[in-house]
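Have a look at the structure below, then the notes.
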Amino acid sequence: MKKAKSANLQSKKPHRILSEIMRRRRSVRQFERGRKVTRDTLLSVAESARWAPTGANSQCWDLIVIDDPTVRDAVIEIFVEQSKRLFVKAKGFPAVSKAYLANTVAIFIVVGDPRWKVAFPQHNKDEEGPDEYAANNENIYFCSLGAVIQNIQLAVTAQGLTSAWLSGGGEPSTNQALSDLLGYPSYLSACGTIPVGYPKKDVGMRYRRPLEQLVHWNGYAATQFRPQGMLDYYLDRYALS
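Residue numbers 178 to 418, in our numbering, belong to the letters of the sequence shown in order.
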């Protein structure tokens, strides 16, 4: 079945291949047990991450790839301990349990380096007025890291694997624990932790808003504005259920 899917992809035009990979990408929390992945496969994913765009081409990140079972289990334990805290501090938030991590074949951790924000536009201290760049530099920094993480997830999908995206590694207590374990300076931040595995089953595709609801041509269409009631319904029905 996997070979047939691969051959089917190769017969398509590049933009259609990319579109299909994007559609297949899912945050999955059910991995097959007892599977392994080659280091060449992991390096191929890392190569895709390397070409992600970053602000000022600062490449303000490093990538820790974990394929040693002992280290993997230690990382998982850190997130299990975090989930115990979240059960108390973030009651009702979905996907808090990290039990599924036991079946990961590898973990990618994108470590952001905030020192590189000085490479982004800076406010001239001689100029009066608000420092517009300070907040925007934060946006540039995190958007850069997000691009890296998405490249990783798409590359993982293209390899027939699946992944999830854990942002909690950037929380101070969890980041410190990861820093102590993995040896990176604690001022760096594990903004993206991507556990990788083989999907236990075909998870299909999740709902996405249709284009006519989210695309605005040549200006914002007020008729497409989503009222507060829609957000309240989502929170009540899906996000916190």
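Glycine included, C-beta positions come from ideal geometry on N, C-alpha and C.
- When secondary structure is reduced to three states using DSSP, L359 falls in the helix class.
- K377 and N395 have their alpha carbons spaced roughly 44 Å apart.
- If you ignore the 5 residues before and after W342, its C-beta comes within less than 7 Å of the C-beta of S204, I326, Q330, G369, I371, all in its own chain and listed in chain order.
- Listed in chain order, the alpha helix (DSSP H) runs fully inside the segment 361 to 389 amount to none, counting runs of at least 4 residues.
- No Cβ-Cβ contact shorter than 7 Å links A399 with N328.
- Residue range 309 to 335 is occupied by the alpha helix (DSSP H) that includes A332.
- Of all C-beta pairs linking the segment 204 to 217 to the segment 246 to 254, fewer than three are shorter than 8 Å, placing the two stretches out of contact.
- In terms of Cα proximity to L365, the closest of R386, F319, D245 is F319.
- When I194, H192, R202 are compared, the shortest CA-CA separation from V333 is found for R202.
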